[in-house]
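Per our numbering, residue 1 is the first one in the sequence shown, and the count goes up by one each step.
Heads up, the beta-carbon is just placed ideally off N, CA and C, and yes, glycines get one too.
Below is one structure, written out as structure tokens; the observations come after it.
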Amino acid sequence: MPVTITENTSIDYDVQGEGPPLLLVNGLGFGRWGWFRQVPAFSRHFRTITFDIRGERSLGNGVADLVDEVVALLDHLGVKKTHVLGTSLGGFVAQELALARPDLVDRLVLVCTSYGGRGPEAMSPGALADMMGLGTFSAEAAARKALEAATGEVYRAEKPEEFEKIVHWRLADSSSAVSYYEQAKAGARFDLSGDVGHITSPTLVIHGSEDRYVPPANARALADAIPGAKLRVLEDAGHLVFIERFADVNREVVRFLKSRDGRQSRGVGGKTGEKVAREPGGWLRGAVNALRGWAARMRAWMGLS
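The following block contains the structure:
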């Protein structure tokens, strides 16, 4: 059901289950449908809230604007405090929310994400090209190429039919071009490298060992930066680890959220004091530049420039 955020902005959302609130924040190019492996499991324990990040308007303040929409949704639902799980771009939103409104965030789960900025390892040019669907000539081919790069070989070999369903779901219910661009631009500008250490919520970081979009070094750096954070790296999984290894992810999340103490001693989440080389550019910056080039070519082709 939709809730109006501003005069020109509304959010579609669903609520399932009873218990402590758990807000799920999806990543770039995904909607509520992307939680098909989580909602049935989580709704047995939590009041599970899913929604579509849209960003149809200009996100002049970047991820902070998306956080404002989340706060408005929680206010509409009467939620005073909630667990928050964010994947990829949704992880950016979750971190920003935990810093801006710590009163709203109970425990935090960050999946296949980073703290942005100049992370320890950037996305490779090849992965970026695959994410943008370069070299393809249809929306379906582009989506398939991007999702192949987002998943591990084991998953695609074991669940080819489910993989094809995800391709078609993404095509049928994906963000508009404007929304995708605004979200990507917001993600490219996101940088909490200097502030993420101020997060006070007990935090669990989950990552796939074969993530090409956000290389695992970023997860280790993220977990090491947040006081007391736990880190779980799951083998044979890529950027969509929450789908590829859903049983393990769901079990880890439920255990963490229901544990008496979500914190862990410093250094368990990552190697304390580990020095990492910084590479220029955020992990989404290249995607935004590619989108700008595509838009310019389209304007020229249509005779608008």
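Cβ of residue i within 9 angstroms of any chain C Cβ
i, result
"Val105", "Reference to chain C is not applicable here, since this structure consists of a single protein chain."
Cβ shell of residue i (< 7 angstroms), same chain only, five flanking positions each side left out
i, result
"Leu73", "Val3, Ile11, Tyr13, Phe51"
"Leu240", "Ala150, Thr151"
Assigned exposure category for residue i - 16 Cβ within 10 Å defines buried
i, result
"Gly303", "Caution applies to Gly303, whose pLDDT of 42 falls short of 50 and renders its modelled position unreliable; the value that the coordinates give is listed next. Burial call: exposed."
"Ala146", "buried"
"Ser114", "buried"
"Gly187", "buried"
"Lys81", "exposed"
"Asn26", "buried"
"Val178", "exposed"
"Asp211", "buried"
"Arg170", "buried"
"Pro202", "buried"
"Arg44", "exposed"
"Glu182", "buried"
Spatial neighbours of residue i in its chain, beta-carbon cut-off 8 angstroms, leaving aside the 5 residues before and after
i, result
"Ala64", "Glu96, Ala100"
Residues bridged to residue i (per DSSP)
i, result
"Phe51", "Tyr13"
"Arg232", "Ile206"
"Pro21", "Arg47"
"Val105", "Thr82"
"Gly116", "Asp191"
"Leu110", "Gly86, Val205"
For residue j and residue i, believed in contact at Cβ under 8 angstroms, the rounded distance
i, j, result
"Glu252", "Leu204", "7 angstroms"
"Val93", "Val70", "6 angstroms"
"Pro209", "Pro216", "One point to set straight first is that residue 209 is Ser, not Pro, in the sequence displayed. About 6 angstroms; that satisfies the 8 angstroms criterion."
"Leu234", "Arg245", "5 angstroms"
"Phe242", "Arg32", "About 14 angstroms; that fails the 8 angstroms criterion."
Contact test: residue i Cβ vs the ligand ZN heavy atom, cutoff 8 angstroms
i, result
"Ser179", "By its list of ligands, the structure shown contains no ligand whatsoever, and the ligand ZN lies outside what it can speak to."
Limits of the alpha helix (DSSP H) - the one that residue i falls within
i, result
"Gly309", "With the chain running from 1 to 305 in the structure shown, residue 309 is simply not present."
"Asp75", "63–77"
"Glu179", "In the sequence on display, residue 179 carries Ser and not Glu. Segment 177–189, the alpha helix (DSSP H) holding Ser179."
"Ala129", "125–131"
"Glu153", "153–158"
"Asn218", "216–225"
"Ile199", "First-last for Ile199: undefined, no H or E at that position."
"Leu257", "246–258"
"Arg37", "No alpha helix (DSSP H) contains Arg37, which DSSP labels as neither H nor E."
"Ala149", "139–150"
Own chain, CB closer than 6 angstroms to residue i, minus 5 neighbours either side, in chain order
i, result
"Leu257", "His83, Arg107"
"Pro21", "Arg47, Val79, Thr82"
"Pro102", "Thr200"
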